[in-house]
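In order, the protein sequences belong to chains A and B. Position 57, counted from 1, in the first sequence is what the numbering used here calls 57; the numbers after and before it change by one each time, with no gaps. Position 101, counted from 1, in the second sequence is what the numbering used here calls 1101; the numbers after and before it change by one each time, with no gaps. Take a look at the structure set out below.
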Amino acid sequence: MAAPLSARVKTWFLDSAHYGTIALFALFAAFPFLWMVITTFKETNDLLDTENNPFLYNMPPTMENLRVLFQDTLFPQWVWNTAWVGVAVVVVTLLLAVPAGYALARLSGRWAQHLAIAIFLTYLVPPTILFIPFARVIGNLGLQDSLWSLVLVYPSFAVPFCTWLLMGFFKAIPRDLEEAAMIDGLSRFGAFLRVVVPVSTAGILTVVIFAFTLVMQEFIYALTFVTAASKLTLSVGVPTFLVRGDVYFWGSLMGACAISSIPIAIVYNLFVNRFVAGFTVGAIK
Amino acid sequence: MTPPQDAGTAAMAIAPRRFFGRLIDSEEWLGRAMIGPAVIYIVLLVGFPFLLALFYSVSNITVGSAATKYVGFHNFKMIMENPSFWVALKNTFIFTIVSQVIVLVLAKILAMALMKDFRGKWFVRFLILLPWVAPVSLGAIGWLWIFDSIYSIINWTGRALGIFGPDVWPIWLGQPVLAMASIITVHVWRMLPLATVIVLAGLSSIPHDIHDAAQVDGAGFWRRLFQITIPLVLPILMVAMLFGIVFTSTDMVVVYVLTRGGPYDSTHVLASQAFFTGIEGGDLAEGAAIALFLFPILVAVAIGFLTVARRSEVT
């Protein structure tokens, strides 16, 4: 009698430890975003009254902060700029990285292996080392305060990573597939375009999402190249132009952060398994 | 009359097609043509500016100047004489090492907790991934509000629960030690998701038989952890750490948003100091020199980790 009971207590204990651990981690990860959402809908007077319980709505929720954000600030313009740069960079990245990833995965001689490692190693030359010379180069090209400067430079970190990811995806496709197509009369390049690319849609989509999130994340180049408020992207516009001196419009600021973060995270979540698979295959094999 | 002419035009039409056809069929040339554009782009936009950075660091270039001349190691000497550089160098090491150690331990725990199936797992995974996917500058703004000197939710909760006495009111970003702890917290928060998914991928690739066999042989939890699990996920762990170190040690966003290097320049890292010197201060040469200090560190780390990863993969 005692043994099953103690076993049950032990399972119960292990289960609650398991759920407790997960709950703690989830809280740590998500709390800042929860806090952003709560803050967004609060009256400024409610936020700034230290007597109030900050977890509760002591005054009725308001849309005022979001109205200010969309009507009185450049936030909509930054959303548009980010989307525009993101799409342009994704297109450039795909045009460069898809063929390169395939070449590294299939048409391999010794040089391909060395090239793959060389491309991986460009990660050791991060934007932090390059932004100072780029500041001068972009100036000389007359691209300061232009979104084109970002379209030109952003693929420099997206292409190596995406080539690496795509190499992993292409390696996972059986060779027989192209070989059958080539026996049927297609050239190697034809087989790549008509057979390999269509079956890799999921992998390519993963790279699209990934390149787009890299663009959304980027901070240092945009901060260096662009000073005109109307040409900024979200990641720089929100932290620099929604904060004026010491005056923080916390409601609008938190609204901007929540709106810019959560939708992309939902999309990314759908692709994360493929992303990890490509990442680890590429890195280990 | 017509047949020879026909043959002639036909041959001429076929010749170029054959030429390109052969080019396309030649694997070697096709490979070069497919990878060429990416390589040229990377050489122009990573290799060339890197050489420029090397050149700037031994010149006297500024934002406004037209003429630049070679000044040898003058910039490096100037930097080393500046005590705030040493603070930034030390901070870069502290932020990177401390946050990576914490991230690795937490990622291992979290990944093991996520190995089991439970209801609502997809939602938990979504929550845990949020900090990695959200733009880090915006996540850091969220933390700026959490760490606010007057309205900090941490302080309010601490006071309400009686953890903080009536005289305790930490100014998270205004005291050097607390500011550093805050920056490390945000780095951990930000890097944990990526490390967790990578470790999780490594854990799920271990065949169940191995664990079962070990359990039958009487190996306990800790023994299995240190003698089976950790050695088997080591290569993947190394890759995760390499990326973590590269991302953390070259990042300036968290410092820029949270403290701008303050209080009293105590939280600058090399990246943020390079920015404030080179771009805000206009001294491109000295900024380039500061940023370049990161490079040998990264190379050493990469060589070390890749060697370990390769070696542990063979055994």
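A virtual CB, placed ideally from N, CA and C, is assigned to each residue, including glycine.
Where A/Y221 falls: helix, strand or coil (DSSP) | Helix, per DSSP.
Using a Cβ-Cβ cut-off of 9 Å, state whether A/A283 counts as contacting chain B.
-> Note that A/A283 scores a pLDDT of 49, beneath 50, so its modelled location is shaky and nothing firm can be said.
Nearest neighbour of A/D72, chosen from A/P4, A/L223, A/L141 and A/F241 [CA to CA] | A/F241
What separation, rounded to the nearest whole angstrom, lies between the Cα atoms of A/V90 and A/E51?
-> 49 Å
Whose Cβ in chain A lies nearer than 8 Å to the Cβ of B/G1174?
-> Near B/G1174 there are no residues of chain A at all, since even the closest Cβ is about 13 Å away, more than 8 Å.
Are the beta-carbon atoms of B/W1222 and A/Y248 separated by less than 9 Å?
-> no
Output the distance between the C-alpha atoms of B/L1294 and B/S1059, rounded to the nearest integer angstrom.
-> 19 Å
Name the chain A residues whose beta carbon is nearer than 8 Å to that of B/P1193?
-> A29
Local conformation of B/V1063 per DSSP, three classes | coil
According to the Cβ coordinates, are B/L1192 and A/A88 closer than 9 Å?
-> no
Under 8 Å (Cβ pairs) to chain A, residues found in the stretch 1224-1237 of chain B | P1235 and I1236
Relative to the alpha-carbon of A/A222, which residue among A/P32, A/V68, A/A103 and A/T128 has its alpha-carbon at the smallest distance?
-> Of A/P32, A/V68, A/A103 and A/T128, the residue nearest in Cα terms is A/T128.
Alpha carbon to alpha carbon, what distance is there between A/M254 and A/K42?
-> 10 Å
Spatial distance of B/P1207 from B/L1232 (CA atoms) | 10 Å
Take A/I259 as the anchor and find which of A/V37, A/V215 and A/W164 has the nearest alpha-carbon.
-> A/V37
Test item: CB-CB of B/I1279 and B/V1063 under 9 Å = yes
Simplified DSSP assignment, three categories, for B/Y1256 = helix
Taking only beta-carbon positions, decide if B/W1169 is within less than 9 Å of chain A.
-> no
Smallest Cα separation from A/V151: which of A/S16, A/E218 and A/K10?
-> A/E218
What is the rounded straight-line gap between the Cα of B/I1228 and the Cα of B/E1286?
-> Straight-line Cα distance between these residues: approximately 49 Å.
Give the DSSP bridge partners of A/V243, in chain order.
-> A/Y248
Buried/exposed call for A/D294, threshold 16 Cβ in 10 Å | With chain A covering 1 to 285 only, the question about residue 294 of chain A has no answer from this structure.
Proximal chain C residues relative to B/Y1264, where beta-carbon distance stays under 7 Å = Here chain C cannot be found, since the structure's protein chains are A and B.
Within the stretch 119-205 of chain A, ranges of the alpha helix (DSSP H) (whole runs, at least 4 residues) | List check, alpha helix (DSSP H) in window: 127-140, 147-153, 155-171, 175-183 and 188-191.
Secondary structure of A/Y268, DSSP reduced to three states = The answer is helix: DSSP assigns A/Y268 an H, G or I state.
Hey, would you say A/F33 sits closer than 9 Å to B/A1134, going by beta carbons?
-> yes
C-alpha distance - A/V79 paired with B/W1132, whole-angstrom precision | Roughly 20 Å separates the two Cα atoms.
Would you call the CB atoms of A/G101 and A/M59 closer than 9 Å?
-> No.
Could you say which of B/S1026, B/W1156, B/K1090 and B/V1257 lies nearest to B/L1173 if we only look at CA atoms?
-> B/V1257
Could you tell me the boundaries of the alpha helix (DSSP H) in which B/M1086 lies?
-> For the sequence presented, residue 1086 of chain B should be read as Trp rather than Met. Residue range P1083 to M1115 is occupied by the alpha helix (DSSP H) that includes B/W1086.
Same chain, Cβ closer than 6 Å to B/I1153, five either side skipped, listed in chain order = Beyond the five residues adjoining it in sequence on each side, B/I1153 comes within less than 6 Å, by CB distance, of I1146 in the same chain, given in chain order.
Rounded to a whole number of angstroms, what is the C-alpha to C-alpha distance between B/W1169 and B/F1275?
-> 32 Å
Decide yes or no for the touch test of the stretch 225-242 of chain A against the stretch 141-157 of chain A: beta carbon pairs closer than 8 Å, at least 3 of them.
-> Counting C-beta pairs closer than 8 Å gives three or more between the stretch 225-242 of chain A and the stretch 141-157 of chain A, which meets the contact rule.
Would a check of beta-carbon distances place A/A172 closer than 9 Å to chain B?
-> Cβ-Cβ to chain B under 9 Å: no for A/A172.
State the DSSP-derived secondary structure class of A/Y102, mapped to helix, strand or coil.
-> helix
Could you tell me which residues DSSP puts in a beta bridge with B/Y1070?
-> B/S1059
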